[in-house]
Every structure is written in C-alpha cells, then in structure tokens.
Amino acid sequence: MKLSDKHAKYWRNKEITYHPIGVIHSEHHEQENTPIQGVFNPSVGYVEVFPEYAEGLRDIESFSYLYLLYYFDRATDVCLLQKPFLDGEKERGIFAIRHFNRPNPLGLSIVRLKNVAGNILEVEGVDVLDGTPLIDIKPYVRQFDHRDEVKSGWVDDQHLNDIADWNSTPKELRNRTRK
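Under this note's numbering, residue 437 is the last one in the sequence shown; the count climbs by one each step, no gaps.
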C-alpha cells in the first residue's frame with residue numbers, strides 16, 4: 259500500500275492541547291500499590307466532572323460501564339521499551355503494553371458505573387491514582403465494543419487464568435515473578 263506523506267508531514271511535531279473535564283478520586287496514592295487493571299479490583303472511586311461539563315452527563319446513568327480517558331500526570335519518563343508488570347523478564351514495545359511511561363501519557367480504564375449524583379459519578383474497578391485529571395468519558399456499548407476471537411499477543415502466553423485471585427499491583431506482580 260502506498261501512503262501519502264501529506265498528513266504525516268503536517269502532523270509531525272504539532273502540539274495538540276486538551277483540557278481536563280474533571281478529576282478522578284480514588285483510594286490509590288502510589289503507583290506501586292495501584293492495581294494494573296480495574297477488572298481485578300473492586301475499588302470504588304469517584305469521578306468529579308467539572309460543573310461546566312455536567313450537562314454532558316445527561317443519560318449516562320443508563321449505562322453500566324464507562325471508559326475513562328485520563329492523563330498520566332505522574333508518569334516519569336518516556337520509554338519505548340519497557341518491562342511490563344505481568345512479564346518482568348522481557349522488554350516489550352510501549353505500544354504492546356499498557357504502561358504509563360508513554361510518548362503521550364494517556365490512560366484508558368473501563369469502570370462500572372454505580373451511581374450518579376449531579377456532577378459526581380461513583381464508579382467501581384478504579385485503577386487510577388487519586389487526583390488524576392480526566393480527559394474524557396465514553397459509554398461502554400456492548401454491541402460496539404465486544405469482539406470475538408481476540409488475540410492478546412504476549413499476554414496470552416502468561417498463563418493468567420487465575421489472575422483475578424492475585425494482588426495485581428506493580429509491587430506485588432514484581433514480587434510474584436521473583437518467587
């Protein structure tokens with residue numbers, strides 16, 4: 259396939275600016291002790307949407323799950339190769355893992371919506387540090403978002419059938435691989 263370089267030339271080194279629409283509140287205060295995925299942790303948190311965006315929450319209570327898009331404001335460095343928390347032996351490309359030290363430190367989580375009170379969303383399955391700036395919210399729509407016959411790359415080789423029983427924080431996963 260021959261690709262035009264017109265768009266790449268235009269966008270290379272351009273700056274794109276976003277402004278937070280709110281803040282994610284959680285019980286997690288240290289990266290080392292924050293779950294790597296919310297699906298394995300019933301931790302409850304709150305999404306505070308700034309009042310000027312609250313009207314955008316209309317009808318959100320009819321969804322059971324939400325995507326939260328946020329800024330990893332405490333990422334420490336850009337690393338194109340990183341050892342993932344689930345496989346501390348081998349470096350992987352940053353775009354093949356979900357580590358926070360990325361060229362654009364954006365995070366994505368799926369959380370269960372428990373309650374809506376004005377501009378505050380109570381959510382479950384929070385894997386985000388307290389005080390993280392929220393960039394966007396999107397509803398999880400089963401008919402659009404579910405896929406069959408999914409390959410999960412190197413993760414499929416990790417034998418994670420019992421991962422729901424683990425303490426899936428970076429600190430505990432590193433300890434687990436040393437045992």
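No residue lacks a Cβ here, since even glycine has one placed at the ideal position from N, Cα and C.
{"query": "Contained beta strand (DSSP E) runs [length at least 3] in the region 311-398, N- to C-terminal order", "result": "323-329, 364-375, 378-382 and 390-397"}
{"query": "Beta-carbon spacing of Tyr328, Gly383 below 8 Å", "result": "no"}
{"query": "Residue environment, Gly376, which counts as buried when at least 16 other CB atoms sit within 10 Å", "result": "exposed"}
{"query": "Local conformation of His265 per DSSP, three classes", "result": "helix"}
{"query": "Cβ-based neighbour list, Ser301, same chain, cut-off 8 Å, excluding 5 preceding and 5 following", "result": "Ser284, Glu285, His286, Pro293, Glu382, Gly383, Val384 and Asp385"}
{"query": "Distance between Arg405 and His331 (C-alpha atoms, nearest Å)", "result": "Strictly speaking, residue 331 in this sequence is Asp, with His absent from that position. So the alpha carbons of these two residues sit roughly 31 Å apart."}
{"query": "Buried versus exposed, by CB contacts within 10 Å (16 or more), Ile440", "result": "Outside the displayed range of the chain (259 to 437) lies residue 440, so it cannot be described from this structure."}
{"query": "Alpha carbon of Val374 to alpha carbon of Glu288, nearest angstrom", "result": "27 Å"}
{"query": "Cβ distance (whole Å) where Val305 is taken to contact Leu387 below 8 Å", "result": "Val305 to Leu387, Cβ: 13 Å. No contact."}
{"query": "Own chain, CB closer than 6 Å to Glu319, minus 5 neighbours either side, in chain order", "result": "Val374"}
{"query": "Neighbourhood of Arg436 by C-beta distance below 6 Å, restricted to the same chain and skipping five residues each side", "result": "Confidence is the limiting factor: at Arg436 the pLDDT is only 46, short of 50, which leaves the residue's position unreliable, though a coordinate-based value still follows. Nothing listed; no residue qualifies."}
{"query": "C-beta contact flag for Tyr323 and Leu371 at 8 Å", "result": "yes"}
{"query": "Cα-Cα separation, Tyr311 to Ile274", "result": "20 Å"}
{"query": "Distance CB(Gly389)-CB(Val281) smaller than 8 Å", "result": "yes"}
{"query": "Cβ neighbour criterion (16 or more within 10 Å) applied to Phe402", "result": "exposed"}
{"query": "Limits of the beta strand (DSSP E) - the one that Tyr228 falls within", "result": "A query on residue 228 cannot be resolved here, the shown segment of the chain reaching from 259 to 437 and no further."}
{"query": "Delimiting residues of the alpha helix (DSSP H) encompassing Asp406", "result": "That residue, Asp406, is in no alpha helix (DSSP H); it is neither H nor E in DSSP."}
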